[in-house]
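Peer 1: Residue 0 is where the sequence shown starts when you use numbering that gives the first Met the number 0, and the numbers rise one by one after that.
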Amino acid sequence: MKRSEKAAKILQMLEEFYPETPPPLDHDNSFQLLIAVLMSAQTTDKKVNQVTPELFRHGPDATRMATLEVSHIQEMIREVGLAPTKAKNISKLSKILVESYEGEIPDTFEGLESLPGVGHKTAGVVMAQAFGVPAFPIDTHIHRLAARWGLSNGTNVVKTEKDLKAIFPKESWNKLHLQIIFFGREYCPARNHDLTQCPICSWAATKKRIKQEMGSR
Ligand code: SF4
0 MKRSEKAAKI
10 LQMLEEFYPE
20 TPPPLDHDNS
30 FQLLIAVLMS
40 AQTTDKKVNQ
50 VTPELFRHGP
60 DATRMATLEV
70 SHIQEMIREV
80 GLAPTKAKNI
90 SKLSKILVES
100 YEGEIPDTFE
110 GLESLPGVGH
120 KTAGVVMAQA
130 FGVPAFPIDT
140 HIHRLAARWG
150 LSNGTNVVKT
160 EKDLKAIFPK
170 ESWNKLHLQI
180 IFFGREYCPA
190 RNHDLTQCPI
200 CSWAATKKRI
210 KQEMGSR
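#1: Just checking my contact of residue 268 with residue 111 at CB under 8 Å: how many whole Å lie between their CB atoms?
#2: Work out the CA separation of residue 31 and residue 86 for me, nearest whole Å.
#3: Using only the alpha-carbon positions, how far apart do residue 28 and residue 170 sit?
#4: Taking just the CA atoms, how far does residue 12 sit from residue 152?
#5: Taking the continuous alpha helix (DSSP H) assigned at residue 34, which residues delimit it?
#6: Among residues of its own chain, excluding the 5 on either side of residue 216, which ones have a beta-carbon nearer than 8 Å to its beta-carbon?
#7: Assign residue 151 to one of three DSSP states: helix, strand, or coil.
#8: In this structure, does DSSP put residue 216 in helix, strand or coil?
#9: What three-state label does DSSP hand residue 100 in the structure shown?
#10: Quick check on the burial criterion: 16 or more other C-beta atoms within 10 angstroms. Buried or exposed for residue 201?
#11: Should the region 100 to 114 be regarded as contacting the region 40 to 52, the criterion being three or more beta carbon pairs within less than 8 Å?
#12: I'd like the ranges of any alpha helix (DSSP H) spanning at least 4 consecutive residues and lying wholly in the region 136 to 201.
#13: To the nearest angstrom, how far is the alpha carbon of residue 217 from that of residue 128?
#14: Can you check which of these residues, 145, 158, 174 and 173, is closest to residue 203 by C-alpha distance?
#15: Sorted by chain position, which residues of the same chain lie with C-beta nearer than 8 Å to residue 115's C-beta, five sequence neighbours on each side aside?
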């Protein structure tokens, strides 16, 4: 099967599996979305959603967050991974937003990526979900699945992003990003397993890859 046919079939299946894609991280405004996405590195979305209600009660926007002590922020987010670093970045970032952006978040990749703790993936999620700009943020699920499905050679996330953007229509990117994540979470265990039993890998994975996975079990 050609890569383009495979992509079209995957798109159709994921649309059937996940017609709705509610944003996984709870937030009331784009500042809160940015903070939640920043915190989701090395942590589950579930854990982030457990700590954000208290954090956002004290710091609902950049102006209020900028007034909080780093130690207070750290205490409120202590259950997420890398809490000390994230607390420092949240405080610094909020102050920058107040000083340079009138408390709003920038609506460009460059502006977002210049903020402490905000990398390309975080910026992509915010551009997609807060501003509706087509982006294809690549997380570990998407990176791994793109390689398993034979849609990218998986050398690195930059290459995966480029390959997926080239085969999927631009208007599908934002929703597809979430659909692949939902599929990965529901179906894909981290460890090696039987690809022939999977609704997508059973037909999309290359024979070589199935052999590799089966051989290493
Ligand atoms: S076989 Fe299925 S469950 Fe496993 S990685 Fe592929 S898509 Fe995910």
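Glycine included, C-beta positions come from ideal geometry on N, C-alpha and C.
Peer 2: Answer, in terms of the structure:
#1: No answer is possible for residue 268: the residues shown for the chain start at 0 and end at 216.
#2: 14 Å
#3: 23 Å
#4: 22 Å
#5: 29 to 38
#6: Unreliable positioning characterises residue 216 in this predicted model, as indicated by a pLDDT of 48, which lies under 50. The coordinate reading is nonetheless provided below. The answer, listed in chain order, is 191, 192 and 193.
#7: coil
#8: The predicted position of residue 216 is uncertain, since its pLDDT is 48 and thus under 50; a value taken from the coordinates is nonetheless stated next. Residue state, collapsed to three classes: coil.
#9: helix
#10: exposed
#11: no
#12: Segments of the alpha helix (DSSP H) lying fully in the region 136 to 201: 139 to 147, 156 to 166 and 172 to 186.
#13: With the chain covering only 0 through 216, there is no way to say anything about residue 217.
#14: 145
#15: 87, 88, 91, 92 and 95
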